[in-house]
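Okay, structure first, notes after.
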Amino acid sequence: MEEHYPAHWEADVVLADGGTAHVRPIRPADAGRLRSFYSRLSDESIYFRFFGPRPRLSDKEVERFTNVDYVDRVALIATIGDEMVAVIRYDRTGPGEAEVAFLVEDAHQGRGVASVLLEHLAATARERGIERFIADVLPANMRMTGLLRQAGYTAQSQFADGVVRMTLDLTPTVTSAEVTAAREHRAEARSIARLLTPGSVAVIGASREPGGVGQSVLRNLLAAEFTGPVYPVHREVRAVHGVRAYPSVTAIDDEVDLAVVAVPAGSVIDVVEECAEKGVHGLVVVSSGFGETGPRGRARQDEMARIARSYGLRVVGPNCLGIANTDPAVKLNATLAPTVPGRGKVGFFSQSGALGTALLQRVAQRGMGISSFVSAGNRADVSGNDLLQYWEEDDSTDVILLYLESLGNPRKFTRLARRIARRKPIVVVKSGGTPAGHSAKELGLPDSAISSLFEQAGLIRVDDLIQLFDVGQVLAYQPLPAGPRVALVTNSDALGLLAADACLAAGLEPRPPVNLGPAAGPPEFGTALAGELASPDVDAAVVIHMPPVPGASDEVAAELLRVSKDVAKPVVTTFHGHLGMHPALRVETGSDATPGRGSIPSYAAPEEAVRALAHVVRYARWRAHPAVPPPELDDIDTARAGSLAMTTLSAATSPTPASSPGGSPGEIAAMEPAMEPAMEPATEPGMGAGKPDQAPAGAPGGGRQGPSGVFAEPGPPVEIDATELLSCYGLTVWPAEVVRSTDEAVAAAGRLGWPVVVKVADPGASRRAGTVRLGLTGPELVRNAYTEFAEQLGEGAELAVQRMAPQPAVPTVMGVVDDPAFGPVVSFGLGEVTARLLQDQGFRLAPLTGEDAAALVRSVRAAPLLFGQYGYPPVAVDALEDLLVRVGRLANDLPELARLDLDQVLVGESDVMILGARATLRTPAGPRLDGGPRRLS
């Protein structure tokens with residue numbers, strides 16, 4: 021690998037048609053690829069690029085194009101397999117400016133290659149301090165000008181000398197972010213659609229052995245009556261299950277869209293290459309023997325995924341159960357499970373292959389239907405994020421159920437979930453830990469933090485698989501409630517009281533139960549439920565029908581369906597203790613036995629019905645609040661904050677770093693890397709613009725990637741003056757002075773103003789009782805306090821004097837940690853010792869909206885103390901929320917910020933006071949996950 025080769029620019033990307041490609045910087049060794057690529061270009065493509073005919077590239081041109089410095093001259097190429105299919109480059113022409121040009125092979129034009137390359141080159145240019153791209157375009161090259169204008173950046177154009185000169189401001193905008201997200205969404209959704217709606221399927225490894233993996237998949241495909249041709253692949257036999265077999269996938273005469281791979285692990289890579297040669301769109305690898313077996317298996321798994329992506333294939337698995345689609349036009353059961361639920365509106369994703377069969381059986385037993393099912397197994401490629409993109413657009417899916425064992429790109433997951441949950445509810449079970457075979461790393465945040473971040477994104481997180489389906493069946497068949505007020509209609513007084521208690525425990529507001537008595541029949545249930553649902557004080561209803569002796573149960577069910585029909589309030593029931601969709605409580609769709617919208621779900625016990633309803637109420641409350649962007653802050657200086665961070669990092673990495681000055685708790689202070697209690701754990705052009713390449717000009721590029729000009733492995737934390745950093749965001753740290761004698765303490769008090777406090781300057785002191793003396797109004801009191809601490813802690817102890825903050829006030833703490841998986845996470849809690857011991861904290865992803873900040877403040881159990889309860893005075897919660905928004909903005913703006921602790925923050929009657937702040941920086945190892953151009957994780 022060449023010295024200074026920017027490996028972090030490499031990325032696997034999904035193209036507009038759902039295929040994949042690999043993006044990477046060009047290297048001298050690509051000379052042959054460049055010549056081969058150029059030989060396949062049409063005369064028109066060459067003309068648009070070079071403004072004239074150029075049948076071949078000279079050796080000098082090839083050398084120049086493939087030898088770049090990755091700073092002033094950068095070129096990225098897109099490859100599929102071993103072939104180069106596109107190239108984009110820039111050459112710096114002046115301070116902050118570069119000329120851009122690119123070419124896309126004619127056979128790959130219209131696949132979104134140019135747009136994704138432009139995204140990646142813009143990111144590399146910003147990293148190198150380039151602010152503008154200049155492109156000279158022939159007027160006839162309308163697709164090129166359209167691409168540049170549709171990128172979302174601010175674009176200007178001028179016409180002179182027969183050429184359109186376009187200037188592209190590379191500063192990210194809301195529009196450019198929306199364009200990138202929309203393209204990513206369409207591409208990833210199409211890549212999954214190609215897997216779930218194949219026109220033909222090959223089963224590679226289909227055998228005649230009873231119980232064999234390949235035979236099971238083939239049998240299930242045929243039993244489901246898949247609507248396309250099925251091709252068994254076996255190297256020795258002529259037919260399997262009466263279906264003609266082929267010795268290899270390449271021997272199949274017709275096209276193959278999907279291949280299910282069920283061969284030994286050691287043969288899978290060869291099969292992947294054969295499928296790539298055949299032009300297969302996607303693979304489902306049910307074979308085991310990969311990452312779950314150890315390092316050698318993990319290496320084989322990574323190599324399989326790399327080869328598949330390089331040839332444009334998406335992969336489900338390995339070690340997975342398979343995929344299914346109940347669409348009558350497809351009827352796909354490419355799984356090892358003989359039982360697949362009927363048609364429904366639920367999309368179901370499970371990472372566990374072992375659990376998959378049991379889960380599908382459980383769904384079928386409940387009488388629920390599904391739209392599609394994917395078991396990702398070791399998740400080498402296709403993940404839950406991809407399925408979210410697909411189900412967002414799938415009209416056949418109204419509810420999404422996820423069983424997750426790992427998160428490959430958690431920040432992207434929460435971004436997608438937050439958008440999709442506005443339209444379609446997402447219910448998730450997240451198991452503890454990450455299985456060894458998965459490509460994702462173990463999450464570093466505590467489970468309580470992950471729950472908080474899921475809540476922020478509108479996800480419904482449940483504890484187990486039973487609850488997953490309990491909640492799913494409400495969402496799939498009943499409307500969302502407008503509030504927490506619940507009517508209870510029952511024929512058992514005891515069960516009614518149990519339901520009422522369960523409502524109170526779940527945060528719902530039950531009305532007095534309507535007890536109809538054990539002899540109640542259809543008229544009584546119908547009249548009672550109709551009356552409750554008609555009340556403006558009712559948002560949902562729980563009906564309990566547990567007759568002591570068999571009776572007219574079907575008639576009662578029919579009455580419940582009649583009364584609840586066309587009422588925009590959810591109804592759930594405990595109907596004879598049945599779990600799932602009772603046949604008598606189903607709204608028939610006419611096509612099959614699958615229940616339709618308006619069917620009433622039943623639960624084995626009233627408590628289970630209430631618990632599921634409570635989850636739905638909380639989700640409906642979140643969804644009722646409109647999505648708003650983070651507020652605009654007019655008194656912040658992001659440029660100064662960035663410059664301060666770069667200067668600090670540069671000084672720390674210089675040969676003779678300056679010694680760290682001593683300071684108050686509001687100044688720089690060392691921090692341990694481990695978490696402390698505050699943070700516990702469309703169409704597009706095929707060829708680019710440009711004239712014949714010119715010599716580079718301009719100064720070397722800088723960028724925000726680090727003092728050396730490139731991303732590097734993150735080093736040890738570097739201390740920074742937190743007071744100055746916070747001032748860039750309109751925040752002031754309450755001044756304090758470190759003192760080393762009684763005389764210094766008295767002098768400091770005089771400068772700061774009376775009354776004062778004397779406290780231990782150790783950053784961790786605020787978490788210990790007895791480390792501060794408050795309300796000192798004169799020199800003698802200051803001397804006494806200093807002497808007491810000196811005797812208690814020894815002469816070497818550092819003490820600080822700080823002006824006494826106005827009282828009454830409530831102490832709080834907040835912080836930021838740059839989590840490797842989620843990115844910057846903001847935490848908040850009260851500063852009381854008890855709250856710290858109980859780890860009573862809330863968490864949110866940065867940046868924070870005003871609603872995020874308000875929810876964060878109210879998420880901790882001790883929040884009532886901020887609102888005038890339990891003898892505490894009401895305080896300026898609005899000022900506290902503004903502080904949290906600013907801290908979140910700082911964390912989002914500054915990728916170098918590794919950690920920030922504000923401890924303590926006093927919330928007074930009219931303002932907030934930051935008494936202590938400390939911060940550390942770290943050179944980023946690369947772009948934040950989900951923070952740059954599109955890429956597969």
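Its first residue numbered 21, the sequence shown is counted upward by one per residue in our numbering.
Positions of the beta carbon are idealized from the N, C-alpha and C atoms, including for glycine.
Classification of residue i by the beta-carbon crowding that lies within 10 angstroms, buried from 16 upward
i, result
"residue 682", "Confidence in residue 682 is poor, its pLDDT being 34 and thus under 50, which makes the residue's placement too unreliable to answer from."
"residue 370", "buried"
"residue 524", "exposed"
"residue 432", "buried"
"residue 890", "exposed"
"residue 211", "buried"
"residue 814", "exposed"
"residue 254", "buried"
"residue 530", "buried"
"residue 427", "buried"
"residue 728", "Because the pLDDT at residue 728 is just 36, under 50, the model does not fix this residue reliably, and the value given afterwards should be weighed accordingly. By the neighbour-count rule (16 or more Cβ atoms within 10 Å), residue 728 is not buried but exposed."
"residue 725", "Confidence is the limiting factor: at residue 725 the pLDDT is only 48, short of 50, which leaves the residue's position unreliable and the question unanswerable from this model."
"residue 888", "exposed"
"residue 182", "exposed"
"residue 346", "buried"
"residue 139", "buried"
"residue 26", "buried"
"residue 812", "exposed"
"residue 539", "exposed"
"residue 404", "buried"
"residue 520", "buried"
Residues of its chain near residue i, where Cβ-Cβ distance is below 7 Å and the 5 sequence neighbours each way are ignored
i, result
"residue 599", "386, 622, 623, 624"
"residue 482", "447, 449, 488, 491, 635"
"residue 879", "472, 862"
"residue 283", "224, 225, 291, 307"
"residue 373", "339, 340, 341, 395, 397"
"residue 32", "40, 42, 329, 955, 956"
"residue 738", "668, 669, 672, 940, 941, 942"
Contact set for residue i: own chain, Cβ-Cβ below 8 Å, skip 5 residues either direction
i, result
"residue 877", "848, 862, 883, 886, 897, 900, 901, 904"
"residue 474", "434, 437, 448, 450, 481"
Proximity of residue i and residue j at Cβ, strictly below 8 Å
i, j, result
"residue 950", "residue 435", "yes"
"residue 86", "residue 142", "no"
"residue 401", "residue 334", "yes"
"residue 616", "residue 609", "yes"
"residue 906", "residue 749", "yes"
"residue 165", "residue 157", "yes"
"residue 842", "residue 865", "yes"
"residue 910", "residue 917", "yes"
"residue 419", "residue 496", "yes"
"residue 352", "residue 244", "yes"
"residue 632", "residue 587", "no"
"residue 583", "residue 546", "yes"
"residue 119", "residue 154", "yes"
"residue 836", "residue 845", "yes"
"residue 276", "residue 251", "yes"
"residue 46", "residue 97", "yes"
Contact belief for residue i with residue j at Cβ below 8 Å, rounded distance in angstroms
i, j, result
"residue 560", "residue 589", "6 Å"
"residue 643", "residue 442", "6 Å"
"residue 175", "residue 169", "5 Å"
Spatial neighbours of residue i in its chain, beta-carbon cut-off 6 Å, leaving aside the 5 residues before and after
i, result
"residue 479", "437, 446, 448"
"residue 280", "223, 237, 304, 354"
"residue 986", "Outside the displayed range of the chain (21 to 957) lies residue 986, so it cannot be described from this structure."
"residue 604", "574, 577"
"residue 803", "762"
"residue 702", "Confidence at residue 702 is low in this model, with a pLDDT of 36, below 50, so its placement is unreliable and the value that follows should be read with caution. For residue 702, where only same-chain residues beyond five positions count, there are no Cβ hits under 6 Å."
(message) Three or more C-beta pairs under 8 Å: does that hold for the segment 796-805 against the segment 773-781?
(response) yes
(request) For the segment 505-518 and the segment 542-561, state whether three or more C-beta atom pairs, one from each stretch, are separated by less than 8 Å. (result) yes
(message) Is it the case that the segment 376-383 contacts the segment 341-361, given that we only count it when at least three CB pairs across the two stretches are under 8 Å?
(response) yes
(message) Quick test of the definition: if touching needs 3 or more C-beta pairs under 8 Å, does the segment 45-61 touch the segment 86-105?
(response) yes
(request) Could you tell me whether the segment 258-268 touches the segment 192-211, where touching means 3 or more Cβ pairs closer than 8 Å? (result) no
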